[in-house]
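Visitor: Chains as they are written, first to last, in my numbering: chain U, 521 to 725; chain D, 521 to 725. Every residue, glycine too, gets a C-beta built ideally from N, C-alpha and C.
(1) Look up residue 627/D in the DSSP assignment and say whether it is helix, strand or coil.
(2) Using the three-state DSSP reduction, which class does residue 604/U fall into: helix, strand or coil?
(3) Across which residues does DSSP place residue 679/U in a beta bridge pair?
(4) Buried or exposed, going by whether 16 or more other CB atoms sit within 10 Å of the CB of residue 653/U?
(5) To the nearest angstrom, how far is the alpha carbon of residue 586/D from that of residue 595/U?
(6) Taking C-beta pairs closer than 8 Å, name the residues in chain D that residue 577/U reaches, listed in chain order.
(7) Nearest by alpha-carbon distance to residue 626/U: which of 575/U, 531/U, 580/U, 541/U is it?
(8) With respect to the alpha helix (DSSP H) encompassing residue 574/D, which residues constitute its N-terminal and C-terminal limits?
(9) If the cut is a Cβ gap below 7 Å, which residues of chain U does residue 606/D touch?
(10) How about residue 589/D and residue 633/D: do their beta carbons lie closer than 8 Å?
(11) Please list the terminal residues of the continuous alpha helix (DSSP H) segment that includes residue 532/D.
(12) Which residue's Cα is closest to the Cα of residue 533/U: 529/D, 551/D, 572/D?
(13) Quick one: Cα of residue 684/U to Cα of residue 691/U, how far?
(14) Answer yes or no: does any C-beta atom of chain D fall closer than 8 Å to that of residue 666/U?
(15) Would you give the residue range spanned by the alpha helix (DSSP H) that residue 648/D belongs to?
(16) Per DSSP, residue 663/D is paired with what?
(17) Have a look at the DSSP bridge pairing and note the partners of residue 640/U.
(18) Mapping the DSSP letters down to three states, classify residue 586/D as helix, strand or coil.
(19) Kindly indicate if chain D contains any beta-carbon less than 8 Å away from that of residue 622/U.
(20) Answer yes or no: does any C-beta atom of chain U fall closer than 8 Å to that of residue 533/D?
(21) Quick one: which residues of the stretch 589 to 600 of chain U get their C-beta closer than 8 Å to a C-beta of chain D? List them in chain order.
(22) Look up residue 525/U in the DSSP assignment and say whether it is helix, strand or coil.
(23) What residue range is occupied by the uninterrupted alpha helix (DSSP H) comprising residue 711/D?
(24) Express the C-alpha separation of residue 706/D and residue 700/D in angstroms, rounding to a whole number.
(25) Hey, does residue 634/D have any beta-carbon neighbour from chain C nearer than 8 Å?
(26) Cβ of residue 688/U within 8 Å of Cβ of residue 607/U?
(27) Against chain U, with Cβ distances strictly below 8 Å, would residue 676/D count as a contact?
(28) Could you check which residue in 650/U, 664/U, 665/U has the C-alpha nearest to that of residue 658/U?
(29) What residue range does the alpha helix (DSSP H) around residue 615/U cover?
(30) For residue 592/U, report the span of its alpha helix (DSSP H) as first-last.
(31) Could you list which residues in chain D have their beta carbon closer than 9 Å to that of residue 567/U, in chain order?
(32) I'd like the span of the alpha helix (DSSP H) that includes residue 547/U, first residue to last.
Below, the structure written as structure tokens:
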């Protein structure tokens with residue numbers, strides 16, 4: 521729709537919504553009109569929820585995950601294995617791994633991956649604090665769970681070089697065929713890796 | 521993801537975003553994390569834009585379109601044809617028709633259509649004010665541009681009954697084959713209507 525909006529206030533709200541990822545101007549209009557149909561209290565709750573989050577959110581001083589407290593619930597949990605640390609890019613990855621219920625260790629949130637193209641260097645990430653954590657001697661294994669992209673691999677290698685002289689085991693997520701995938705739809709590189717890294721079959725998977 | 525969020529503030533913001541139409545919890549998380557990466561001023565601008573809109577927006581006292589002023593820009597424009605009024609369901613429809621640049625009359629925004637299933641009766645809509653506008657004698661033609669649904673048709677008929685004794689021409693949007701559509705993908709009802717309402721072909725469309 522190439523036309524003026526009937527209200528500057530409406531236009532401003534649409535402009536703000538359309539800055540969100542994946543939200544075009546048409547969707548922004550739909551969302552704003554939806555909110556406009558709600559009562560004032562609902563709209564204020566909506567608008568203030570994100571402002572309050574931004575102003576009051578804390579990041580765990582140990583793992584840098586989002587938290588309401590100085591140290592997050594995961595790091596503060598005595599039932600979790602503090603000798604095992606999983607390195608992830610962002611707080612969403614923490615939630616995704618938590619949802620698998622397969623990991624009982626702690627996390628370390630880097631805040632991204634090294635990407636010279638985007639101007640992200642090692643010092644923009646929480647790598648130094650990972651090295652510091654590892655140097656204390658309590659961590660036995662660091663699992664690298666970054667994206668399987670060139671940037672992820674670069675970051676993996678950078679961390680490897682930083683930690684290789686310490687008495688810390690470094691591991692990486694298994695790469696292979698997705699469960700439920702048919703072989704013909706698996707890309708060659710993944711399939712190749714899954715042949716090289718094949719595991720012993722003992723009757724159950 | 522069936523798991524607890526690492527922060528109550530985060531969870532509250534995600535809850536608010538996921539109330540928006542078409543936004544699930546995964547998308548809400550993505551949007552909230554995007555905003556969290558912006559600086560404070562940007563987030564406040566976002567949150568306040570919708571609160572400000574809700575608190576300060578006006579509706580045109582003539583046509584009930586959204587407006588920053590008592591009378592909207594369209595109603596206040598002396599170059600528009602005040603004898604021609606297009607009846608639409610909502611302010612989005614005004615914008616859509618405006619974007620066609622084919623209409624130089626004024627609008628009347630009903631605020632919905634009659635829908636007993638949803639508990640919307642004639643008195644919940646701006647129908648009485650339309651009758652009042654029409655009764656002043658300045659309007660020559662009222663164009664009904666409501667949805668081509670049962671509710672739209674009901675509302676069309678209700679307005680017809682209200683205006684039939686006035687000296688006002690009532691018209692309805694042409695229904696027919698969409699431009700660019702192939703006949704085999706056009707539904708039978710539309711195709712039937714487009715045959716009955718065929719127009720004289722004079723060499724150009």
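Guide: According to the data block:
(1) If DSSP states are grouped into helix, strand and coil, residue 627/D belongs with the strands.
(2) Residue 604/U: strand per DSSP, three-state reduction.
(3) The partner list for residue 679/U (beta bridge, DSSP) is empty, contrary to what the question assumes.
(4) buried
(5) 50 Å
(6) 527, 529, 530, 556
(7) 580/U
(8) First-last of the alpha helix (DSSP H) with residue 574/D: 560 to 576.
(9) The contacting residues do not exist; residue 606/D stays about 14 Å from chain U at best.
(10) No, the pair does not count as a contact, with Cβ atoms beyond the cut-off.
(11) For residue 532/D, the uninterrupted alpha helix (DSSP H) segment begins and ends at 528 to 537.
(12) With distances taken between Cα atoms, residue 533/U lies closest to 572/D.
(13) 12 Å
(14) no
(15) 647 to 655
(16) 606/D, 691/D
(17) 635/U
(18) In the three-state scheme derived from DSSP, where H, G and I count as helix and E and B as strand, residue 586/D is classed as strand.
(19) Chain D, which has no Cβ nearer than 8 Å to the Cβ of residue 622/U, makes this no.
(20) yes
(21) 592, 593, 594
(22) Coil.
(23) Here the alpha helix (DSSP H) through residue 711/D covers 708 to 716.
(24) 11 Å
(25) Absent from the structure: chain C. Protein chains present are U and D.
(26) The answer is no: Cβ separation not under 8 Å.
(27) no
(28) Looking at the Cα atoms, 650/U is the closest of the given residues.
(29) 611 to 620
(30) Careful: residue 592/U lies outside any alpha helix (DSSP H) and carries neither H nor E.
(31) 536, 566, 567, 568, 569, 570, 571, 572, 574
(32) 545 to 557
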